[in-house]
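Engineer:
In our numbering, the protein residues as written are 4 to 147.
Given below as structure tokens:
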């Protein structure tokens with residue numbers, strides 16, 4: 004593997020901007036366990052090995068079960084996730100896989116059935132933020 008630049012060292016301001024987004028997510032009031040599911044699923048979809056490893060470990064620290072972690076990539080085919088979590092995970096996938104999914108109205112409506120409007124905004128911020136981290140992780144070939 005070819006060595007790539009250490010992005011945080013080369014552009015501290017770009018790193019600080021990502022940290023500011025992450026701070027807003029952490030202060031949003033969303034449950035840490037849910038945030039780790041969001042981060043892990045987006046990281047799986049984006050193929051960011053560093054972030055998958057980090058967020059699987061962080062999810063375990065929130066009390067996440069191995070069964071749920073092992074089946075997160077097929078969450079819709081299991082009974083391990085609540086309706087609220089399924090609505091959130093569908094939203095994560097739609098926003099992460101843009102433009103193919105285009106955030107369908109039925110997924111947005113399902114999310115609003117289980118989450119407040121403020122939570123929807125903060126969940127969307129969490130998805131956008133982990134996608135930014137993933138792109139740096141993949142782009143600069145970060146490894147666990």
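Every residue, glycine too, gets a C-beta built ideally from N, C-alpha and C.
Everything numeric in this text was worked out from a predicted model, so none of it was measured.
List the whole-angstrom C-beta distance separating residue 114 from residue 90, where the pair is believed to meet the contact cut-off of C-beta under 8 Å.
Structural biologist: Right, their Cβ atoms sit about 5 Å apart.
Engineer: I believe residue 92 touches residue 44 by the beta-carbon criterion, under 8 Å. Please report the beta-carbon distance rounded to the nearest angstrom.
Structural biologist: Contact flag correct, Cβ pair sits at about 6 Å.
Engineer: Taking its Cβ as the centre, do 16 or more other Cβ atoms sit within 10 Å of residue 17, making it buried, or is it exposed?
Structural biologist: Exposed, by the Cβ-count rule.
Engineer: Looking at the secondary structure, which residues open and close the alpha helix (DSSP H) in which residue 127 lies?
Structural biologist: Segment 120-142, the alpha helix (DSSP H) holding residue 127.
Engineer: Quick one: grab the DSSP three-state call for residue 80.
Structural biologist: Three-state DSSP puts residue 80 in a helix.
Engineer: Within the same chain, show all residues whose beta-carbon is closer than 6 Å to that of residue 51, passing over the 5 residues directly before and after it, in chain order.
Structural biologist: Cβ within range, chain order: 137, 140 and 141.
Engineer: Would the segment 23-38 count as touching the segment 47-67 if we require 3 or more Cβ pairs under 8 Å?
Structural biologist: Segments in contact, yes.
Engineer: Going by other Cβ atoms of all chains shown within 10 Å of its Cβ, with 16 needed for buried, is residue 8 buried or exposed?
Structural biologist: Answer is exposed; the Cβ neighbour count stays below 16.
Engineer: Quick one: complete alpha helix (DSSP H) runs, 4+ long, within the segment 14-46?
Structural biologist: Here the runs fully enclosed are 15-29.
Engineer: Ignore the nearest five residues each way along the sequence and tell me which others in residue 83's own chain have a CB closer than 8 Å to its CB.
Structural biologist: Hits under 8 Å: 68, 70, 71 and 74.
Engineer: Which value, in whole angstroms, describes the spacing of the CA atoms of residue 46 and residue 53?
Structural biologist: Distance between the alpha carbons of residue 46 and residue 53 is about 9 Å.
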